[in-house]
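Asker: Could you have a look at this structure, given as structure tokens, before my questions?
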Amino acid sequence: VQLLESGGGLVQPGGSLRVSCAASGFTFTNYAMNWVRQAPGKGLEWVSVIRDSGDSTYYADSVKGRFTISRDNSKNTVYLQMNNLRVEDTAVYYCAKWSLAAAGAFGYFEYWGQGTLVTVSS
Amino acid sequence: NFMLTQPHSVSDFPGRTATISCTRSSGSIASTYVQWYQQRPGSAPTTLIYENNQRPSGVPDRFSGSIDRSSNSASLTISGLKTDDEADYYCQSYDINNHAWVFGGGTKLTV
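In order, the protein sequence lines correspond to chains A and B. Counting from 1 along the first sequence, just add 11 to a position and that's the residue number in the numbering used here. Counting from 1 along the second sequence, just add 655 to a position and that's the residue number in the numbering used here.
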């Protein structure tokens with residue numbers, strides 16, 4: 012299993028950025044995918060999840076209304092579109108494969124990518 | 656919403672047994688499964704324990720998980736400590752009411 016994030020960088024407050032995660036080594040269409048972030052020197056924070064089919068998504072309260080998760084099953088890629096970025100969104104963003112098709116009370120974050128750093132600063 | 660509280664740090668000597676706790680602030684610890692993740696410095700997290708006490712293939716049986724309803728907490732126990740076990744450890748569970756995944760603040764283990 013490989014999860015390769017890309018698209019991170021420096022963006023000004025109020026700006027937008029899209030990060031991507033290219034997956035390989037498993038049947039992408041059978042699993043839910045997540046984004047989890049980690050601010051510098053801080054702990055892990057779950058951000059968003061999308062189920063295998065892409066027709067169900069959930070978000071942390073801290074990003075609801077600003078971030079959008081999507082996936083392209085033909086490209087084995089999951090995306091996180093981040094709008095109206097804030098300084099407190101600065102973090103390494105990890106893509107994480109869920110162990111089941113739909114994320115909920117069952118399953119766990121089975122595999123993690125190496126992350127991509129998003130820095131929000133003027 | 657609930658929080659998962661972990662000790663900031665734990666330390667012990669090689670060969671000893673360390674235990675890291677994870678206390679749920681509201682609702683029963685048994686209501687949803689608890690997972691544990693290890694994050695070595697500069698690396699991505701990896702899964703140690705899922706569904707309270709299950710180990711993914713490849714995780715040594717020195718790592719074990721449990722829950723205690725009386726203290727409303729989960730525990731990760733690492734026996735036969737090795738210097739290679741030095742890392743941050745995170746517990747995680749699922750908030751049914753808010754359809755959200757909650758992480759503890761993390762515990763730094765020093766061996």
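Virtual Cβ for every residue (Gly too), placed ideally from N, Cα, C.
(1) Does any C-beta atom of chain B lie closer than 7 Å to the C-beta of A:TYR69?
(2) Quick one: does A:TYR119 have its CB under 7 Å from some CB of chain B?
(3) Mapping the DSSP letters down to three states, classify A:ASN41 as helix, strand or coil.
(4) Ignore the nearest five residues each way along the sequence and tell me which others in B:VAL714's own chain have a CB closer than 6 Å to its CB.
(5) At the level of alpha carbons, what is the spacing between A:GLN49 and B:ARG671?
(6) Could you check whether A:ASP63 and A:THR40 sit closer than 7 Å to each other, using their CB atoms as the reference points?
(7) Return the CA-CA distance between A:GLY26 and A:GLN92, expressed in angstroms with no decimal places.
(8) Ignoring anything shorter than 4 residues or poking outside the stretch 676-744 of chain B, list the alpha helix (DSSP H) runs there in chain order.
(9) Keeping to the same chain, check which residues put their C-beta closer than 7 Å to that of B:GLU741; ignore five residues upstream and five downstream.
(10) So which residues of chain A does B:ILE751 contact, with C-beta pairs closer than 9 Å?
(11) Counting only Cβ-Cβ distances shorter than 8 Å, please list the residues of the stretch 55-67 of chain A near chain B, keeping chain order.
(12) So, does the CB of B:THR660 fall closer than 7 Å to a CB anywhere in chain A?
(13) Can you pull the chain A neighbours of B:PHE758, defined as C-beta to C-beta under 7 Å?
(14) Please tell me whether A:THR101 and A:VAL131 are closer than 7 Å, where the distance is taken between their beta carbons.
Answerer: Reading from the atomic positions:
(1) yes
(2) yes
(3) helix
(4) LEU703
(5) 30 Å
(6) yes
(7) 11 Å
(8) none
(9) LEU764, THR765 and VAL766
(10) GLY115 and ALA116
(11) LEU55, GLU56, TRP57 and VAL60
(12) no
(13) GLY54, LEU55, GLU56 and TRP57
(14) yes
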